[in-house]
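In what follows, a structure is listed as structure tokens, so that the remarks can point back to it.
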Amino acid sequence: MLKHGYLCLLSALLAVVFAACGSDSFNVEGRIEGAGRQNLRAVYYADGAMRMVPAMVIDGKFSFTGRATEPALVELYTSDRRLLGRFVAKNGETIKCEFDYRNPYAVTIEGNELSGRWADFLRDNSATLVSGGSNAVNALVARYVEHNPSDPLSSLLLVTLYDSASDPAGAQRLLDRIDPADRPFSVLEGYAETLAAVNDKSALIPVRELRLYCLKDSMATYRPSRHKASMICFSTAESGRKDSIIKTLKRLAKATSGADRLILDISLDADTLQWKQAIEKDSATWTQAWAPGAAAATSVEPLAIDRLPFFIVTDSAGNQLYRGSELVKAEAVMTNQLKK
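Per this note's numbering, the sequence shown starts with residue 198, numbered consecutively.
Written out as structure tokens, the structure reads:
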């Protein structure tokens, strides 16, 4: 409960409003001391969707482009899923950052005033953060929050550094120092989505291809790489399919007909008889298929489908832009992806 209270403090980011410069993206240029060559993934929530942007580190250097109309908290993860660092960014900014693969507090960031001060705090207090223990770190954060309750950096430090398990009363006291007016729901939701994605390895795995049984009584392979955007729907005859899914799929298929998108309607019914009976009146113009083995099917199991119905929206690289049970959100994310 208290952890959720911390998440809402990130809404203070909205207090940092920069003059709009007309750009529809932000650019990141970075260096990582001691990283060598490896994959990197940027994870952030912006404009109603989860964003996961891959990048390649070559000779310690990397770059990528992202999109966020409002300030977004971007987290960088190495190929072994270790957090490398964080910063705030929005469209129109060029973020220049330097990290140390062995020391998460040896960081320098330019291009965003809040991110720059955040990096300065981590670097200036690295000794305490590395070896001071939770009591010392909590005291460090408490001093900053007490003296700077309206500073958005206080919110970031409290959320990312304070150990609430060791001092819940102190955490609540600091939480109460932050004006509730600085806690819009949108940023709370965004960071909660980011945490969920990072903690769920299935959300970080790009969807490469799905081997499925199709209506022509043969196996077919579906590849997101062939489409600008794909919506993958998992359901069964008993999962509220007719009431909550078919009408939306018909509307989406009609509005998004074309080779640049795929609507893949996958049945996880026990057998093909159930599946074919469930879809016989759909008059589908989208792709319908059945997964032998249901959620345990070889191609489906890595996606960790834990409830039905379930929806995944991907880009052409297979990155999961949305995963969850809310079809309205999935539709919005796919529509937005197709506009890019």
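Backbone N, C-alpha and C define an ideal beta-carbon position, used for all residues, glycine too.
Handout entry: Integer Cβ distance of T484 from I460, believed to fall under 8 Å
Key = Rounded, the Cβ-Cβ distance is 6 Å, consistent with contact.
Exercise for the section: Report all residues from its chain with a CB closer than 7 Å to the CB of A529; omit the five preceding and five following residues, and keep chain order. Expected result: Non-local C-beta neighbours of A529 in its own chain, meaning closer than 7 Å and more than five positions away in sequence, comprise G245, ordered along the chain.
Practice task
Within its chain, find whatever has a CB closer than 8 Å to the CB of V327; leave out the 5 residues flanking it on each side and keep chain order.
Solution key: Counting only residues of its own chain and dropping the five nearest sequence neighbours on each side, V327 has a CB closer than 8 Å to the CB of N300 and Y302.
Problem - Nearest to K425 (by Cα), restricted to the options G515, E307 and I502 - result: Closest option to K425, Cα to Cα, is G515.
Practice task
For my contact list, L350 and L412 are in at a C-beta cut-off of 8 Å; report their separation, rounded to the angstrom.
Solution key: Actually they are not in contact, since the Cβ atoms of L350 and L412 sit about 56 Å apart, beyond 8 Å.
Problem - I460 in three-state terms, based on DSSP - result: Reduced to three states, the DSSP call for I460 is strand.
Practice task
Jot down the residue ranges of each uninterrupted beta strand (DSSP E) in the segment 284-317, minimum 3 residues, whole runs only, in chain order.
Solution key: Annotation: the segment 284-317 contains the following complete segments of the beta strand (DSSP E) (minimum length 3 residues), in chain order: 291-297 and 300-307.
Problem - C-alpha distance - F261 paired with E272, whole-angstrom precision - result: Their Cα atoms are separated by approximately 13 Å.
Handout entry: Residues sharing a beta bridge with S522, DSSP
Key = Note: S522 sits in no beta bridge, so no partner.
Exercise for the section: Mind checking which residues open and close the beta strand (DSSP E) that includes G263? Expected result: From DSSP, the beta strand (DSSP E) with G263 extends over K258 to G263.
Problem - Inter-residue CB distance, S432 and R423 (contact presumed, cutoff 8 Å) - result: The Cβ separation is near 23 Å, so there is no contact.
Practice task
Assign L446 to buried or exposed, taking buried as 16 or more other Cβ atoms, counted over all protein chains shown, within 10 Å of its Cβ.
Solution key: L446 comes out buried.
Exercise for the section: Using beta-carbon positions only, say whether S464 and W472 come within less than 8 Å of one another. Expected result: Between S464 and W472, the C-beta spacing is below 8 Å.
Practice task
Pull up the distance between the alpha-carbon of R380 and that of A488, whole angstroms please.
Solution key: Note that R380 has pLDDT 49, beneath the 50 cutoff, so the model's placement of it is unreliable and no number is given.
Exercise for the section: Give the range of the alpha helix (DSSP H) segment to which A501 is assigned. Expected result: Where A501 is concerned, there is no enclosing alpha helix (DSSP H), given that its DSSP letter is neither H nor E.
Handout entry: Cβ shell of T305 (< 6 Å), same chain only, five flanking positions each side left out
Key = Counting only Cβ-Cβ distances below 6 Å, and skipping sequence neighbours, we find E295 and A316.
Problem - Residue interval of the beta strand (DSSP E) (run including N224) - result: Element bounds for N224: F223 to E230.
Handout entry: Helix, strand or coil at L385 [DSSP, three-state]
Key = At L385, the pLDDT of 38 sits below 50, so the modelled position is not reliable and the matter cannot be decided from this model.
Problem - Contact set for E307: own chain, Cβ-Cβ below 7 Å, skip 5 residues either direction - result: The answer, listed in chain order, is K293 and G313.
Exercise for the section: Excluding the 5 residues preceding and the 5 following N322 in the sequence, name in chain order all residues of the same chain whose CB lies nearer than 7 Å to its CB. Expected result: Closer than 7 Å at the Cβ level, and outside the excluded window around N322, lie L337.
Practice task
State the DSSP-derived secondary structure class of R340, mapped to helix, strand or coil.
Solution key: R340: helix per DSSP, three-state reduction.
Problem - Which of helix, strand or coil DSSP assigns to G157 - result: The question about residue 157 has no answer, for the chain in this structure spans 198 to 537.
Exercise for the section: Would you kindly work out how many angstroms separate the C-alpha atoms of A475 and R279, rounded to a whole number? Expected result: Their backbone Cα atoms lie some 44 Å apart in a straight line.
Practice task
Compute the distance between the beta-carbons of N335 and D297, then report whether it is under 8 Å.
Solution key: No, these two residues do not count as a Cβ contact at 8 Å.
Problem - Backbone secondary structure at L465 - three-state DSSP - result: It is coil, neither helix nor strand.
Practice task
Pull up the distance between the alpha-carbon of V250 and that of E343, whole angstroms please.
Solution key: Rounded to the nearest whole angstrom, the CA to CA distance from V250 to E343 is 36 Å.
Exercise for the section: If I'm right that R283 touches T357 with Cβ under 8 Å, what's the distance once you round it to whole angstroms? Expected result: Confirmed, about 7 Å.
Exercise for the section: Flag this pair as yes or no: are the beta carbons of S522 and P499 separated by less than 8 Å? Expected result: Taking 8 Å as the Cβ cut-off, S522 and P499 do not qualify as a contacting pair.
Handout entry: Residue range of the unbroken beta strand (DSSP E) whose run includes A426
Key = First-last of the beta strand (DSSP E) with A426: A426 to S432.
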